[in-house]
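These notes are about the structure you will find just below.
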Amino acid sequence: MTTPHRTIRRLSGAALSGAAWLCLGSVGALAASPQEERWDMLRDMYFSGRTVEDAGPLLSLEAPKRANDAAVVPIRIVTAPGSGVQVTAVHLIVDENPVPMAATFRFAHGDSPQAIDTRLRVNAYTNITAVAETSDGRLLRTTQFVKASGGCSAPALKNAQLAVARMGKMKLNLPDNIAAGKPLTAQLLISHPNYTGMQYDQLNYYFIPAHYVKTVAIRYNGAPVLDVQSDISLSEDPSIHFSLVPEEQGTLDVTAEDSNGRIFQESWPIRANSGS
104 MTTPHRTIRR
114 LSGAALSGAA
124 WLCLGSVGAL
134 AASPQEERWD
144 MLRDMYFSGR
154 TVEDAGPLLS
164 LEAPKRANDA
174 AVVPIRIVTA
184 PGSGVQVTAV
194 HLIVDENPVP
204 MAATFRFAHG
214 DSPQAIDTRL
224 RVNAYTNITA
234 VAETSDGRLL
244 RTTQFVKASG
254 GCSAPALKNA
264 QLAVARMGKM
274 KLNLPDNIAA
284 GKPLTAQLLI
294 SHPNYTGMQY
304 DQLNYYFIPA
314 HYVKTVAIRY
324 NGAPVLDVQS
334 DISLSEDPSI
344 HFSLVPEEQG
354 TLDVTAEDSN
364 GRIFQESWPI
374 RANSGS
């Protein structure tokens with residue numbers, strides 16, 4: 104009598120090899136992590152039909168491994184264009200957020216290094232992904248995993264009346280010493296509640312409708328410096344650090360528009376030392 108175990112041992116080498124390959128294929132299919140599966144979906148959503156490469160040294164992303172406050176997670180992006188490579192934009196994605204695309208930063212000077220700092224809401228443990236776009240159409244990706252949760256539904260820091268009273272007010276922070284022709288880092292602060300649509304009104308317990316800064320245009324002496332397109336994942340009172348090369352005298356103009364169609368504008372004179 105032939106037992107099932109003996110029958111299995113009689114399988115031809117070719118058949119056994121084929122079965123082994125089938126098993127390996129199944130294991131490989133199961134081995135994809137949830138983060139990789141999520142990224143595959145996001146890549147198809149935002150960059151359909153395009154190849155996304157590893158960024159290597161051309162792009163870096165800094166984020167805390169565990170956030171102190173999920174509603175205000177600091178992020179730093181730095182581009183390092185190589186010979187003949189211009190980084191024209193960076194897409195910032197919070198993979199597990201309800202609206203993953205947090206912001207797109209478009210640079211006027213893609214051939215020079217750019218540093219962007221901002222603050223995000225993070226709704227669940229997630230990869231945060233930065234994808235740089237180059238002038239020749241390449242997409243370069245880097246990621247950081249962040250442990251944080253509940254940032255999109257976290258209550259606002261300001262009460263509603265104060266948020267309305269201060270909405271659209273801006274502040275520009277500059278270094279103490281400004282030299283003409285040398286890069287500096289400036290910080291733009293915009294007072295805005297950036298409601299996500301997932302927060303409760305603490306008085307009536309209804310959801311507060313989404314209301315957030317949608318675009319920011321930064322100009323220096325009329326020329327583009329940085330354009331930002333954003334969504335609900337930027338934190339309350341958005342903060343953006345950006346790079347600028349000043350002249351001896353100039354004016355920085357900022358125009359922001361929110362999702363309700365309100366437009367906010369502000370200007371600041373900037374004086375720099377000639378260095379002579």
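First residue of the sequence shown: 104, per this note's numbering; consecutive thereafter.
Beta carbons: idealized from backbone N, C-alpha and C, even for Gly.
Return the CA-CA distance between residue i and residue j, expressed in angstroms with no decimal places.
i, j, result
"R322", "I343", "14 angstroms"
"F367", "L291", "13 angstroms"
"V188", "Q305", "50 angstroms"
"G364", "D330", "17 angstroms"
"S377", "A259", "44 angstroms"
"I281", "R179", "22 angstroms"
"A173", "V190", "29 angstroms"
"V193", "D143", "18 angstroms"
"Q138", "T229", "8 angstroms"
"R140", "E350", "Arg is not the amino acid found at residue 140; the sequence shown has Glu there. For E140 and E350, the distance between alpha carbons rounds to 48 angstroms."
"R146", "V155", "8 angstroms"
"Q196", "V175", "First, the amino acid is wrong: residue 196 is Ile here, not Gln. Those two C-alpha atoms are separated by around 15 angstroms."
"T182", "N324", "24 angstroms"
"M301", "T358", "27 angstroms"
"M204", "D198", "8 angstroms"
"E236", "P372", "32 angstroms"
"A170", "L162", "22 angstroms"
Would you kindly check if the distance between the Cβ of residue j and the Cβ of residue i is under 9 angstroms?
i, j, result
"R224", "S338", "yes"
"P296", "A263", "yes"
"D356", "S370", "yes"
"A320", "G353", "no"
"L242", "R153", "yes"
"F345", "V234", "no"
"G213", "P184", "yes"
Looking only at its chain, what residues have a beta carbon closer than 6 angstroms to the beta carbon of residue i, apart from the 5 residues adjacent to it on each side?
i, result
"Q247", "L164, A166 and I231"
"Y298", "I311, A313 and H314"
"N200", "N226 and S336"
"P278", "L287"
"R209", "A192 and D330"
By the 10 Å Cβ neighbour count, where 16 or more other Cβ atoms means buried, how is residue i classified, buried or exposed?
i, result
"R222", "buried"
"G254", "buried"
"S381", "The structure shown does not extend to residue 381, since the chain spans only 104 to 379, so no value can be given for it."
"D340", "buried"
Excluding five sequence neighbours on each side, which residues of the same chain lie with their C-beta closer than 8 angstroms to the C-beta of residue i?
i, result
"Y309", "Y303"
Leaving out five residues on either side along the sequence, give the residues of the same chain with a beta carbon under 7 angstroms from the beta carbon of residue i.
i, result
"S129", "With a pLDDT of 46 at S129, under the threshold of 50, the predicted position of this residue should be treated as unreliable, though the coordinate-derived value follows. Result list for S129: empty, nothing under 7 angstroms."
"P327", "A211"
Residue ranges of each alpha helix (DSSP H) run of no fewer than 4 residues wholly in the segment 261 to 290, ordered along the chain? 263 to 269
To test your reading of the DSSP string, which unbroken beta strand (DSSP E) runs of 3 or more residues are found completely within the segment 301 to 336? 316 to 323 and 326 to 333
Note down, one range per segment and in chain order, each beta strand (DSSP E) of at least 3 residues found wholly within the segment 152 to 228. Listed in chain order, they are 155 to 157, 162 to 165, 176 to 182, 190 to 197, 204 to 210 and 217 to 223.
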